[in-house]
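Here the structure comes first, spelled out in structure tokens, and everything after it is commentary.
Protein chains: 2
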Amino acid sequence: MTSSGPAAVCIDWGTSSFRAYLVKADGTILERSESARGILTVARGEHEALLAGIIGGWLSGGALRIVMSGMIGSRQGWLEAPYAPCPAGLQEIGASMATIETRTLGAIGLVPGVSTFDRDGSPDVMRGEETQILGALAAMNRADGIFVLPGTHSKWARVEAGRITSFSTYMTGEVFAALKDHTILGRSMEAASEDNSAFAEGVRAAARLERPGDMLHAIFMTRTLGLFDRLRPGQLSDYLSGLLIGAELLSGAEGAQEAIVIGSPALTARYCAAGEVLGMTLQPSPEDCAPLGQLALLAHWRG
Amino acid sequence: MTSSGPAAVCIDWGTSSFRAYLVKADGTILERSESARGILTVARGEHEALLAGIIGGWLSGGALRIVMSGMIGSRQGWLEAPYAPCPAGLQEIGASMATIETRTLGAIGLVPGVSTFDRDGSPDVMRGEETQILGALAAMNRADGIFVLPGTHSKWARVEAGRITSFSTYMTGEVFAALKDHTILGRSMEAASEDNSAFAEGVRAAARLERPGDMLHAIFMTRTLGLFDRLRPGQLSDYLSGLLIGAELLSGAEGAQEAIVIGSPALTARYCAAGEVLGMTLQPSPEDCAPLGQLALLAHWRG
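Protein sequence lines correspond, in order, to chains E and B. For the first sequence, the working numbering assigns the number 1 to the initial residue and increments by one for each residue that follows. For the second sequence, the working numbering assigns the number 1001 to the initial residue and increments by one for each residue that follows.
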């Protein structure tokens, strides 16, 4: 294998999505395959056949190392890989990798998730985001920082000397969807193109809140501001989004003024816009951090 | 009509429930009728026939004054009665009552809702709760206090010199249902008899939160405490309930140590229990406050 040839197959297998990358040793992506075949769509015992069907062609030129991260390593996935506790960096996470021996694809490295306990002793977990963070550190040549990975379950992670020292999950995306689709708030909403001013107004409203329970009151303003014609039906969804994301930023950053965002371009832009309203500097990471993190972890895999 | 005879028909007609009371002038309830015929189940133009069918028998002995409160006075109800703005007591709300002239039931008094604006100028509204508060004031012989009406949309109202001076809506009940039925949190929950210790643990967790956005993180603990076997599947629902109600209490009371609860016995007991954990004294109001408030308002009706 020359240095310009493929070195590994990197797979980010989440709850609702599947992404595979054929990569060179320096992280260059040669080919990619994405689908909605998340772990929830795959029955026990069918993972190997599905995977072979997708990446089999990439392996025809010779065996490649294969590494997976994400919810595929959870109890609902292929094999449960126990969490590596914080603080956790390349060494700790790499040493905790599990190995799946397959008949048709050889040994597959499985990245574990990471666990932490907050100051009250309450546990928190991530699976997949740790690999993206490690990839972002490699791509940005950094060893420290605050990282936010927005989404259904947003993660805010603190990294010191290359290790994730603590993190918190925020159910922002899922709460937004539940409020919009399953409460009275959605009834007055109308679909419209993105309204940046309504979003910014929601972010500013979040900044005015004081107590944790104020959120349960503030979200109701999405209804009353519509009732009193202060917001149009097409603005209500963006207002609610700004309210929730603004509150997440102010809580997740814990007073810090800078963070790095790892996420889809659209969601990253939204978080950066919210940060701007709040006087925070949110910097997008390079794209495709997962395979970069997986490549770095492969060097520590004992499989 | 003697003082021991019926004096009025009082109707509390909400979004999802209908309650009618045949009452004496002193508020004694002679008969009652309750059903699930909330306003969402009644088509425009059918309110009078439905009402006549339910209370017609009570009127056979002679005409009685009829008064209604609740969402029946909203845009989605029978007739929209414009909100009376805070501060609002018997005089202001009574003077703002609308009148519905009917063919078969005569004139019906319609209690308006009440509106307020918080210090940021954001509007809030109630319809029906103002009447219950006025009834509680009459029943308890009070003119001041903080009142909480727990439910789908909990209301926290401040009363001074017999007038509601301000109030806030908390979407606690609806948020709880949306989180339980439409997010990952519900997946690990199992039905069980009420668990007071898990509820109290949720209330204590709410008291440890600091920032508004912390709620978006704290609710995720309902999942991780289950994942780490700190709570049993049958305890998770009560933990989440305690977390939300505890946060509501700490925000709604705004530092006050005492409040009066107007609600169903079960929900009132829950709020009182949460208050106890937080060192607050929550006192239940007498039951059936709505007809008492309606009777008091009838004296101010210009219909």
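Beta carbons: idealized from backbone N, C-alpha and C, even for Gly.
query                                                                                                                                   : result
CA nearest to the CA of Tyr170/E, picked from Ile1219/B, Gly1135/B, Thr1169/B                                                           : Ile1219/B
As assigned by DSSP and simplified to three states, the class of Gln1294/B                                                              : helix
Counted within 10 angstroms of its Cβ, other Cβ atoms place Asp12/E as buried (16 or more) or exposed                                   : buried
His1047/B: contacting residues in chain C (beta-carbon distance under 8 angstroms)                                                      : As a matter of chain content, chain C is missing from the structure shown, whose protein chains are E and B.
Within chain E, the residues that Ala1247/B reaches when beta carbons sit closer than 9 angstroms                                       : Arg211, Pro212, Gly213, Asp214, Met215, Leu216
Endpoints, alpha helix (DSSP H) assigned at Ile93/E                                                                                     : 90-95
Reference Glu129/E, options Val42/E, Val261/E, Gly202/E, closest by Cα                                                                  : Val261/E
Where Met1/E falls: helix, strand or coil (DSSP)                                                                                        : At Met1/E, the pLDDT of 46 sits below 50, so the modelled position is not reliable; the number obtained from the coordinates is stated separately. In the structure shown, Met1/E sits in coil (DSSP, three-state: anything other than H, G, I, E or B).
Limits of the beta strand (DSSP E) - the one that Ala107/E falls within                                                                 : 106-110
Whole-number beta carbon distance between Pro1150/B and Tyr1271/B, since they are thought to touch under 8 angstroms                    : 5 angstroms
Thr224/E, buried or exposed, once every other Cβ within 10 Å from all chains shown has been counted against 16                          : buried
Cutoff 8 angstroms; reference Ala1007/B; Cβ partners in own chain excluding five residues on either side                                : Met1001, Val1023, Lys1024, Ala1025, Leu1064, Arg1065, Leu1295
Residue-level contact to chain B via CB, Val9/E, 8 angstroms cutoff                                                                     : no
Residue from Ser69/E, Glu101/E, Trp78/E whose Cα sits closest to the Cα of Leu134/E                                                     : Ser69/E
Neighbour flag for Gly1252/B against chain E, beta carbons, 8 angstroms                                                                 : yes
Three-state class that DSSP yields for Ile1262/B in the structure shown                                                                 : coil
Residues of the segment 1096-1126 of chain B with Cβ closer than 8 angstroms to any Cβ of chain E, in chain order                       : Asp1120, Ser1122, Pro1123, Asp1124, Val1125
Alpha carbon of Ser1016/B to alpha carbon of Val1042/B, nearest angstrom                                                                : 10 angstroms
Alpha-carbon to alpha-carbon, Gly73/E and Glu80/E                                                                                       : 5 angstroms
Nearest-angstrom beta carbon gap, Gly275/E and Leu297/E [assumed within contact, 8 angstroms]                                           : Between Gly275/E and Leu297/E the Cβ distance is about 29 angstroms, and since that is not below 8 angstroms, they are no contact.
Short CB-CB distance (under 8 angstroms) between Val203/E and chain B                                                                   : no
Beta-carbon contacts of Gln257/E that lie in its chain and below 8 angstroms, excluding the five residues immediately before and after  : Gly279, Met280, Thr281
Closest residue to Pro1087/B among Ile1245/B, Thr1222/B, Ala1207/B, Thr1165/B (Cα-Cα distance)                                          : Thr1165/B
Integer-rounded CB distance, given that Cys1289/B should sit under 8 angstroms from Gln1076/B                                           : Rounded, the Cβ-Cβ distance is 24 angstroms, inconsistent with contact.
Residue closest to Met1097/B, alpha-carbon to alpha-carbon, out of Leu1105/B, Thr1116/B, Tyr1083/B, Gly1106/B                           : Tyr1083/B
Ala1049/B to Gly1242/B span [Cα, whole Å]                                                                                               : 43 angstroms
Cβ shell of Ala273/E (< 6 angstroms), same chain only, five flanking positions each side left out                                       : none
Interface flag, Met1001/B vs chain E, CB-CB below 8 angstroms                                                                           : At Met1001/B the pLDDT is 45, less than 50, meaning the model places this residue with poor confidence; the figure from the coordinates comes in the next sentence. Not one chain E Cβ lies under 8 angstroms of Met1001/B.
Counterpart residues of Glu1160/B in DSSP-defined beta bridges                                                                          : Arg1163/B
Ala205/E beta carbon less than 8 angstroms from that of Met189/E                                                                        : no
Segment limits, alpha helix (DSSP H) that includes Ala1052/B                                                                            : 1047-1055
Where Asp1124/B falls: helix, strand or coil (DSSP)                                                                                     : strand
At least 3 beta-carbon pairs within less than 8 angstroms: the segment 170-186 of chain E vs the segment 115-129 of chain E             : no
Contact set between the segment 1162-1195 of chain B and chain E, restricted to residues whose Cβ is under 9 angstroms from the partner : Ser1168, Thr1169, Tyr1170, Met1171, Thr1172, Glu1174, Val1175, Ala1177, Ala1178, Leu1179, Asp1181, His1182, Thr1183, Ile1184, Leu1185
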